[in-house]
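Whatever position you read off the sequence shown (first residue = 1), add 858 for this note's numbering. No residue lacks a Cβ here, since even glycine has one placed at the ideal position from N, Cα and C.
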Amino acid sequence: MDWLKEILKNAGVENVEEVEKSISKELPKHYKPADVFNETNEKLKNALSENETLKASQTSIQTEYENYKKGSISQTEYDAKVKEIQEQANETIKQNNFDNKLAIKLMSKEINARDVVDIKANLDMSKITLDGDRFVGLDEQIKGLKEKKDYLFNKEETRIKGTGESSYQKVDENKPDFSKMSYDEIDKYLKQNPEAELE
């Protein structure tokens, strides 16, 4: 963790290498990397959503059962309504599972989306399917988006040693081509990257 060594050096800490090793060893016990946190968070949201869907379907089935007991609907109508409620619940759970896995995939280091909602708004969802844990039709669209709208993705920064007050200088080889962006896209990019400069 070069950034940590730099902080420790600037703070005048002795035995920087030793301290950095100790921190590196202890840090994973207390903090999770962003991608691990995001995946866990998405899975939790999905589990809560599935639970709510199942509770809502159970309530609907109970209501229909009460109607059946009162004689408001026949056995056949009751069975049909229960089947419909269960199918709707299953479809909702299936869609939530798809959305959850897609969010995790988009936030992964492989894709590194800035904002899942922004990326999804630029995808043709009708061409993306889930085969087990693998998305079919996603990679091609992401590749195209990275070429045309790279500002939608976080970029790995290449750093080179500098001089003077700043010990490092950022080098961004993937700077967006503003000439290919609309006014709204440029405005959004500048809001997300206030330090960026138009050239």
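Residue i - partner residues in DSSP beta bridges
i            : result
residue 993  : 988
residue 1011 : 971
Under 8 Å between C-beta atoms of residue i and residue j
i            : j           : result
residue 903  : residue 922 : no
residue 911  : residue 950 : yes
residue 1012 : residue 970 : yes
residue 977  : residue 996 : no
Exposed unless 16 or more other CB atoms sit within 10 angstroms - verdict on residue i
i            : result
residue 899  : exposed
residue 915  : buried
residue 947  : buried
residue 906  : exposed
residue 873  : exposed
residue 875  : exposed
residue 869  : exposed
residue 885  : exposed
residue 959  : buried
residue 1000 : buried
residue 865  : exposed
Under the three-state DSSP convention, the category residue i falls into
i            : result
residue 971  : strand
residue 1002 : helix
residue 912  : helix
residue 871  : coil
residue 931  : coil
residue 966  : coil
residue 860  : helix
residue 1046 : helix
residue 981  : coil
Cβ distance (whole Å) where residue i is taken to contact residue j below 8 Å
i           : j            : result
residue 931 : residue 925  : 5 Å
residue 980 : residue 1010 : 7 Å
residue 962 : residue 897  : 5 Å
residue 878 : residue 863  : 5 Å
Cβ-heavy atom distance, residue i to the ligand NAD, below 7 Å
i           : result
residue 937 : Questions concerning the ligand NAD fall outside what the structure shown contains, since it holds no ligand whatsoever.
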